[in-house]
Amino acid sequence: MKTGITGATGQLGRLVIGKLKEKTEVGSIVALVRNTGKAKDLGVEAREFDYDKPELLAESLKGIEQLLLISGSDLGQRARQHANVVNAAKLAGVKKIVYTSLLHTGNTTVSLAEEHLPTEEAVIESGIPYTILRDGWYTENHTNSISGVLAAGAVFGSAAGGKFSSAARADFAEAAIVVLTEAVHDGKIYELAGDAAYTLAEYAAEIAKQTGKNIIYNNLPAAEYAKVLESFGLPGFIAEAIAGWDVSASKGDLFDDSHTLSKLIGRPTTPLSEVVKNALSAF
Ligand SMILES: NC(=O)c1ccc[n+]([C@@H]2O[C@H](COP(=O)([O-])OP(=O)(O)OC[C@H]3O[C@@H](n4cnc5c(N)ncnc54)[C@H](OP(=O)(O)O)[C@@H]3O)[C@@H](O)[C@H]2O)c1
498 MKTGITGATG QLGRLVIGKL KEKTEVGSIV ALVRNTGKAK DLGVEAREFD YDKPELLAES
558 LKGIEQLLLI SGSDLGQRAR QHANVVNAAK LAGVKKIVYT SLLHTGNTTV SLAEEHLPTE
618 EAVIESGIPY TILRDGWYTE NHTNSISGVL AAGAVFGSAA GGKFSSAARA DFAEAAIVVL
678 TEAVHDGKIY ELAGDAAYTL AEYAAEIAKQ TGKNIIYNNL PAAEYAKVLE SFGLPGFIAE
738 AIAGWDVSAS KGDLFDDSHT LSKLIGRPTT PLSEVVKNAL SAF
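If you read the sequence shown in my numbering, its first letter stands for residue 498, the second for the next number, and so on.
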């Protein structure tokens, strides 16, 4: 069965391709990418696939039986872009779609749901057998800025005592592999999150423990936190969005204790301490 992976040159997509190569024939994997030049090192067939070029999508899906649609990164454009992909999948006769959505989409204040929900609806209404992976927060969303934390001696945020049930990106990649390689997941919507939840104060304490440095958690009102992010060079609308996601976390919207992810992948999710350790090993 030929499997197409969109966003294959992104961080999640690369992990999925790497793991899928261990499980299936390399010749059955197709990387669907914006820039085929970036896909040379993937070691699989690569076809041009830009969500913004609807006229090319169905042709690139020729012969693809199952499709992993990894959500795009262009905030505000994604519902339209993903609809282009679902329409092309219908035209091309794709037999199964797996979509990476957002934890508790439909019942969350996380603004990202505004784009994931219409995509889920488009996938379901397409009539193509589907599995929806509602991915929770990547732990790396926090550790990506660990150098700034070390420099400032503080984690900044607006999540107050809200708990993050995050998991490593690799855990979510493995969940995608499971549903792509097993036949029993059609029609399922999985809420995927890490086994252990933590507050940002506990995250700061973990960094302090591993480095021996004094790292505090500085909880700020959302507008102030957005200003801090802007001062680090983020565009205003992204800074406001990130601060808003923290406010959602403070309401419990990034918490989940269903353990669906670990049940699906058959092992515990990667602990916070390990992701922090990996991030610190770069210094
Ligand atoms: N759960 C979470 O905490 C979390 C965090 C961040 C993001 N996400 C979502 O999960 C997705 C995968 O995460 P990631 O870490 O792999 O993100 P990433 O490294 O930013 O990868 C995003 C991928 O989407 C591709 N893409 C963007 N716009 C596209 C377009 N118009 N047409 C075709 N491909 C397009 C990018 O292509 P290029 O390689 O050409 O740039 C890239 O391969 C993200 O795109 C985002 O929707 C989730």
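Note that beta-carbon positions come from the ideal geometry of N, C-alpha and C, so glycine has one too.
Using 8 Å as the threshold, is the C-beta distance between residue i and residue j below it?
i, j, result
"A586", "L572", "no"
"V772", "Y700", "no"
"L689", "L614", "no"
"I762", "E671", "yes"
"T678", "T521", "yes"
"L566", "V595", "yes"
"V527", "I561", "yes"
"R666", "E637", "yes"
"Y714", "L731", "no"
"G659", "S778", "no"
Is residue i close to ligand 3? I mean its beta-carbon at under 7 Å from any heavy atom of the ligand.
i, result
"Y695", "As far as ligands go, the structure on display features ligand 1 and does not contain ligand 3."
From residue i to residue j, what distance separates their C-alpha atoms?
i, j, result
"A536", "L630", "24 Å"
"E542", "K516", "15 Å"
"K518", "A648", "39 Å"
"A576", "T616", "6 Å"
"G603", "S663", "19 Å"
"L600", "L751", "7 Å"
"G749", "S642", "22 Å"
"Q724", "H682", "As written in the sequence, residue 724 is Lys, which differs from the Gln given in the question. One C-alpha to the other measures close to 43 Å."
"I502", "S598", "15 Å"
"A720", "F734", "12 Å"
"N775", "I704", "11 Å"
"D668", "S728", "32 Å"
"I739", "I712", "21 Å"
Among the options, which one has its Cα closest to the Cα of residue i?
i, options, result
"L717", "G741, E703, G507 and F734", "G741"
"F546", "A505, V681 and V725", "A505"
"N532", "S728, D549, D754 and D668", "D549"
"V646", "S568, G733 and A702", "A702"
"K710", "T597, S644 and V675", "S644"
"L726", "G654, K499 and K760", "G654"
"H756", "I739, Y722, D692 and F780", "D692"
"F780", "Y695, A680, K760 and T640", "T640"
Are any of the Cβ atoms in chain B nearer than 8 Å to that of residue i?
i, result
"I502", "Reference to chain B is not applicable here, since this structure consists of a single protein chain."
Stretch-stretch touch, CB-based, cutoff 8 Å, three pairs: the region 588–595 with the region 552–561:
yes
Curious, which full-length alpha helix (DSSP H) runs of at least 4 residues does the region 657–727 contain?
666–678 and 697–708
If we count Cβ pairs, one from each stretch, closer than 8 Å, do we get three or more for the region 618–632 versus the region 677–696?
yes
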